[in-house]
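**Q** Residues in the sequence shown are numbered consecutively from 1179, following this note's numbering. Yeah, the Cβ is synthetic: ideal placement off N, Cα and C, and Gly gets one too. Just so you know, these numbers come straight off a predicted model, no measurement behind them. This structure is in structure tokens; I'll ask about it shortly.
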Amino acid sequence: MQNVIEKLKEIDSSDVGIIIYSSEKRKKVTEYNSNLLVPLASAAKVAVGFCITKWVEEKLLNWNDIVEDICFNPKEDSKELYPHFQHRKTLLLQDAVEIMIACHDSFVADRIVQMCGGWEEVNKKVKSYFLNINITQNPRDKENNGYLSEMFELMLLVYYGYQANPELWAPIIKGLVRQKGDIDGIPTHLLNHMSGGLDNVVVEIGILGDLNHNPFLYVLGANNLPKRNVNLFSDQKIMDAIRLLYEEYLDEK
């Protein structure tokens, strides 16, 4: 795993961190700057999905509840991934959560959150599990942030939650599975992840490998990057690091 860390160190920033977990060994196999605080951008939507799932588990909500006044963010890709929903004004809660994650859709996220009492209520629920994760309506807000260590714990609960009770956790997993963001050299079905980013920030949380046969879980973050809209170097190094991680996964098999 050291080669993954060395690749990340090539990024022109001292604020880079990663946690890698082997579900086969049931332990973290790599941890570097795990207490890095990063803006979550769109990755915060997984935390929203976690909150909704816990409320469904507690029977305060039902996956068949109706989310009203649906509208889709035209800057995202729901037209490509969910063309059959484009003229819908209502969606089942389970479908709305899936789309929110798969399409990074902040408009759908806001409709879900408003149905559940607003952003303050969702934050209270999230913080009852992860004290330092904070989510905001605007994904670009600097206060929309969290530590890599807590985002890892979140992904761990989602993954093992799905293994134990797939019907309950399916909307989050389906969103991760359907999201675009392929990396050359990794089969699409073996990279189920959520990416977030700002002009100078990248965050990645995901499941790498066969979902049913001991995949790796990982969280990765980088702050203070050169402007990503004009400089692709950092993004390329992160993709290189994930490709190296995929090679490690193949070696473990």
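Between which two residues does the alpha helix (DSSP H) carrying M1372 extend?
**A** Counting along the chain, M1372 falls outside any alpha helix (DSSP H), though it belongs to the beta strand (DSSP E) covering 1369 to 1376.
**Q** Report the rounded CA-to-CA distance for E1426 versus L1214, giving the unit in angstroms.
**A** Each residue's alpha carbon lies about 24 Å from the other.
**Q** List the DSSP bridge partners of K1206.
**A** Beta-bridge pairing links K1206 to Y1199.
**Q** Which class does E1246 belong to by DSSP, given the choice of helix, strand or coil?
**A** E1246: coil per DSSP, three-state reduction.
**Q** Rounded to whole angstroms, how far is the Cβ of L1326 from the Cβ of V1216, which I believe are closer than 8 Å?
**A** Yes, they are in contact, since the Cβ atoms of L1326 and V1216 sit about 7 Å apart, within 8 Å.
**Q** Go through its chain and collect everything with a Cβ distance to G1387's Cβ below 6 Å, but skip five positions before and after it.
**A** Here the set comprises L1368, P1393, F1394, Y1427.
**Q** Going by DSSP in three states, V1224 sits in which element: helix, strand or coil?
**A** Here V1224 sits in helix by DSSP.
**Q** Among residues of its own chain, excluding the 5 on either side of I1361, which ones have a beta-carbon nearer than 7 Å to its beta-carbon?
**A** Taken in chain order, the residues that qualify are L1369, M1417, I1420, R1421.
**Q** Rounded C-beta distance between L1269 and L1239? I'm assuming under 8 Å.
**A** About 14 Å separates the two Cβ atoms, so there is no contact after all.
**Q** DSSP on E1146, reduced to helix/strand/coil?
**A** In the structure displayed, the chain extends from 1179 to 1431; residue 1146 sits before or after that span and is not available.
**Q** Starting from Y1427, follow the alpha helix (DSSP H) in both directions and report where the run begins and ends.
**A** Element bounds for Y1427: 1411 to 1430.
**Q** Can the beta-carbon of I1311 be found less than 9 Å from the beta-carbon of G1227?
**A** For I1311 and G1227, no; Cβs fall outside 9 Å.
**Q** I'd like the list of long-range same chain contacts for G1374, defined as Cβ closer than 6 Å, with 5 residues on each side in sequence excluded.
**A** Within the same chain, G1374 has close Cβ partners L1218, A1219, S1220, A1221, V1381.
**Q** How is N1310 classed by DSSP in three states: helix, strand or coil?
**A** Coil at N1310, not helix or strand.
**Q** Can K1257 and M1372 be called in contact, C-beta distance under 9 Å?
**A** The answer is no: Cβ separation not under 9 Å.
**Q** Which residue marks the beginning of the alpha helix (DSSP H) containing L1271, and which one marks its end?
**A** Its alpha helix (DSSP H) spans residues 1271 to 1280.
**Q** How big is the Cα-Cα spacing for I1350 and K1205?
**A** In a straight line, the C-alpha of I1350 is about 23 Å away from that of K1205.
**Q** Going by C-alpha to C-alpha distance, which of L1376, L1389, Y1396 sits closest to S1412?
**A** Ranking L1376, L1389, Y1396 by Cα distance to S1412 puts L1376 first.
**Q** In chain order, what residues of the same chain lie with their CB nearer than 8 Å to the CB of S1192, ignoring the 5 residues before and after it?
**A** Same-chain partners within the cutoff: N1402.
**Q** Rounded to whole angstroms, what's the CA-CA distance from R1356 to G1296? Just pull it up for me.
**A** Looking at the two C-alpha atoms, the distance is approximately 26 Å.
**Q** Just to confirm the assignment, what range does the alpha helix (DSSP H) spanning G1359 have?
**A** Here G1359 belongs to no alpha helix (DSSP H), and DSSP marks it neither H nor E.
**Q** In the DSSP assignment, the beta strand (DSSP E) including V1380 goes from what residue to what residue?
**A** 1379 to 1386 is the extent of the beta strand (DSSP E) around V1380.
**Q** Tell me the DSSP secondary structure of G1449 in three-state form.
**A** Beyond the ends of the chain as shown, which are 1179 and 1431, falls residue 1449; an answer cannot be given.
**Q** Does any CB atom of chain C fall closer than 9 Å to the CB of G1375?
**A** Among the chains in the structure shown there is no chain C, since it carries only a single protein chain.
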